[in-house]
Structures are given as C-alpha cells and as structure tokens.
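Asker: So the sequence shown is numbered by numbering that gives the first Met the number 0: it starts at 0 and just counts up by one. Ideal Cβ placement from N, Cα and C applies to all residues, glycine included. Handing you a structure now.
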Amino acid sequence: MFVSNGTWKSLGWKHTMWELVRYYCSIRGSNNQRYWLDELCSNNQLRLPSNEIYPVDKDVVAYFDEYILYRNKQTKIALSALRTEEESLLYCKQKGIESGTTRTKSTDHHQSSKSIVATVGFIANNIANNKGISIDKNPQSRCIWCKSNNLHVTARNLDGAIPGLSNPSIDGLVKSQNPPENAIFRHPGNGAG
C-alpha cells in the first residue's frame, strides 16, 4: 500500500489513479459516488456511461481507495479549521475589514457575506505590501505560473485579491457560495507548486 502522507505526488500526474480521481469527482450525488466506488473496488473495473467495461489494475484500485479515504479525512480536518460565516464577519469587524454581501438573483438563496473574500484580500494585501509587490484586488481570469519547467493554470477564474495573475507567490481561490465549505486558500510559498 501507499503511504498517505503526501507521497501521492510520486505517482506522477499522468498516473491512471488521477484519472480515477477526476472521474470520481465528476459523479454527482454521494449515493452515486458510493455505488461507483463499491463497483470499482469489488470488481477492479469501471462500467462507462457507454456500458463498456474498463478494467483497472488492482494496485491502482488499492491506491485510489486509500487516497479517497485519506482525502476525506484531510477534508474534514481542513473544513473544521475554517471559520463559520458569523466568525468570519466578526473577524472582519475586529480587523476593520470592509465586507459586502454576495447578491444572487434568486431571493430564496442565502445572500452570503463576502467576508471570506475580504479576509483573503486583506491577508494578500498585507503580504504584497511587505514584499513590495502589486496586487490585483478583482482578478477576472485564471492564475498562471511556472515552476521547475511545469506550467500550472487554475481550474477556474480567481475571485478575491492575489498579487498577480502571472507567477504569483500566493494565490487564493474562494467560492463565495455557502462558505466555509467551499473556501480554499493556498500559500504555496515562493512561486506556487
């Protein structure tokens, strides 16, 4: 079995396990994911939407199963460390950070505060000021960087302040619907990685 402490990188980004992860993440509904995972683990194969059977090496299935368990555990730990919306609003108030409200067209949706986006902007602005670099407080495109001859592009447009969209030393991605479950902030250090 694989050691679940970050050594997943040693598989390399082209490894079949990552294809399984992407497929698994694309499946909507926890019952559907559970059924898919049970079928994969018990039969070492996938039934594709076209009804074709795709065999999967048992070692890859074992890596995948271990990774999903590890990932679920780490997600719970990360989510438990995030502030609630109320705590986030209080933090903004204590720090003097101005935060607005995300307005949706649907009045039956929760009109969530922008406290997480504002906090990320506040932190990024402080770091950028300390490093003497400029900051884009309202980026409208993807973040792109290179490190060790590898190109990295964020999967979606960024929301919230970042030091720049090219080769940032910090990038933050905040989905403002239903915080904090969808909040992500990474501090990759010197050039992301």
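Buried or exposed: where does Trp7 fall if 16 or more other Cβ atoms within 10 Å of its Cβ makes it buried?
Answerer: Flag for Trp7 reads buried.
Asker: Taking the alpha carbon of Val55 as the point to measure from, which residue in Pro48, Met16, Gly120 and Asn125 has its own alpha carbon closest?
Answerer: The candidate whose alpha carbon is nearest that of Val55 is Met16.
Asker: Quick check on DSSP: helix, strand or coil for Asp58?
Answerer: Reduced to three states, the DSSP call for Asp58 is helix.
Asker: Return the CA-CA distance between Val20 and Ala77, expressed in angstroms with no decimal places.
Answerer: When rounded, the distance between both Cα atoms is 19 Å.
Asker: Any chance the region 115-126 sits against the region 91-104, with 3 or more Cβ pairs inside 8 Å?
Answerer: A contact exists between the region 115-126 and the region 91-104.
Asker: Given this structure, state the Cα-to-Cα distance separating Asp135 from Ser49, to the nearest angstrom.
Answerer: In a straight line, the C-alpha of Asp135 is about 45 Å away from that of Ser49.
Asker: Using a Cβ-Cβ cutoff of less than 7 Å, which residues in the same chain neighbour Trp12 once the five nearest sequence positions on both sides are dropped?
Answerer: Excluding positions up to five away in sequence, the list is empty.
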